[in-house]
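Quick note on the working numbering: the sequence shown kicks off at 4 and runs consecutively. All C-beta atoms in this analysis are idealised placements derived from N, C-alpha and C, irrespective of residue type, glycine included. Down below is the structure, laid out as structure tokens.
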Amino acid sequence: EVYGLEPDELRIFVHYQPQFYHFHVHFTSLYIDFGCQAERAHLLQDIIRNLKANGNHYRDCVLTYKVPDDDPLIRNGLGGGRGSGRPTVHDPFSSAGH
């Protein structure tokens, strides 16, 4: 009501990797694309559906995410693509990671 949006005009999602390491949910208008990149945003309705189907889904699944070169994960040697100047997409299925 406050923002003049109907429930079906909302995008409700969480980030992984999050900006802050406590669970929080983002609510945005469907007309705004800021912060909802496919490699980072996970729709809350998908998360709920996954957990209802399998309570261990997020313990057992692999999430692919983008890691910028200046991220602490890269500086501490936990990612690839150093020095490329481009974000690294962590792919746990690549042969380079095994």
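Who are the Cβ neighbours of Asn53 in its own chain at under 6 Å, not counting the five residues just before and after it?
Looking up residue 53 in the sequence shown gives position 50. So the list reads His60, once near-sequence residues are dropped.
Sequence-distant residues of its chain with Cβ nearer than 6 Å to Gln20 (five each side left out):
Here residue 20 refers to the residue found at position 17 when the sequence shown is read from its first residue. Closer than 6 Å at Cβ, skipping near neighbours: Tyr68.
What residue range does the beta strand (DSSP E) around Leu46 cover?
Along the sequence shown, one-based indexing puts residue 46 at 43. Its beta strand (DSSP E) spans residues Ala44 to Leu46.
According to DSSP, is His29 helix, strand or coil?
Numbered from its first residue, the sequence shown carries residue 29 at position 26. Three-state DSSP puts His29 in a strand.
Would you report the Cα separation of Arg14 and Pro75, rounded to the nearest angstrom?
Position 11 of the sequence shown holds residue 14. Position 72 of the sequence shown holds residue 75. Their Cα atoms are separated by approximately 29 Å.
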